[in-house]
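Participant: Okay, handing you the structure first.
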Amino acid sequence: MKKTLLLLSALLGIFVVVGAGCQSNQSAPATNPAPTAPAATATTTNPNEITFTATLVATRTVKFDWNAPGSNPGNSFMILYKSTPNPALNEGAYWNRYPGTVNTATIGNMPPGIMHYRICEFNLTTNACIQFSKDIALDIQ
Numbered sequence: 144m145k146k147t148l149l150l151l152s153a154l155l156g157i158f159v160v161v162g163a164g165c166q167s168n169q170s171a172p173a174t175n176p177a178p179t180a181p182a183a184t185a186t187t188t189n190p191n192e193i194t195f196t197a198t199l200v201a202t203r204t205v206k207f208d209w210n211a212p213g214s215n216p217g218n219s220f221m222i223l224y225k226s227t228p229n230p231a232l233n234e235g236a237y238w239n240r241y242p243g244t245v246n247t248a249t250i251g252n253m254p255p256g257i258m259h260y261r262i263c264e265f266n267l268t269t270n271a272c273i274q275f276s277k278d279i280a281l282d283i284q
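Rendered as structure tokens:
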């Protein structure tokens, strides 16, 4: 009888101690983020500057279109993206490379949240971006 009472007291003590350390699961209701425009376009003033659009076409999937008048078709294009503005090579940006004759791409499984995108014309000889589009920010959901 004493062992049973002692065991029950010990279990009750454990429940009280463990329960005291638990936090309540109640929180303020989640709010939906403000809707994002379906497409964001970087405007240009220089006629030879790269124009670049990014459109959220499905969950975590973005379609990109670009026009780069005056670009060298022997170069390639790199779509750069990161959670901070003006992503660049060697600065932790994700990137996808496309031949210089391509002007559209769709990339899926994008990281969620606000992502910044831009495209550069990439010189294969010097392994460097020689011109960039303007930055576009999209809320990836």
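The sequence shown begins at 144 in our numbering and counts up one residue at a time.
Virtual Cβ for every residue (Gly too), placed ideally from N, Cα, C.
1. Kindly say whether I279, judged by its beta-carbon, lies nearer than 8 Å to any beta-carbon of chain D.
2. Give the DSSP bridge partners of D282, in chain order.
3. I'd like to know whether the C-beta atoms of I273 and N266 end up nearer to each other than 8 Å.
4. Quick one: grab the DSSP three-state call for K277.
5. Just list the residues that DSSP pairs E264 with in beta bridges.
6. Where does the unbroken beta strand (DSSP E) through V200 begin, and where does it stop?
7. To which residues does DSSP link T204 through a beta bridge?
8. Nearest CA to the CA of D282: which residue from T227, N218, M221, N215?
9. From L223 to D278, what does the alpha carbon distance come to, in whole angstroms?
10. In the DSSP assignment, find the unbroken beta strand (DSSP E) run with N215 in it and report its ends.
11. Give the range of the beta strand (DSSP E) segment to which A248 is assigned.
Facilitator: This is what the structure holds:
1. This model lacks chain D altogether, as it is built from one protein chain only.
2. I257
3. I273 is a Cβ neighbour of N266, given a cutoff of 8 Å.
4. coil
5. F220, Q274
6. 194-201
7. Under DSSP, the beta-bridge partners assigned to T204 are A201.
8. T227
9. 10 Å
10. Segment: none, N215 is in no beta strand (DSSP E) and carries neither H nor E.
11. 247-250
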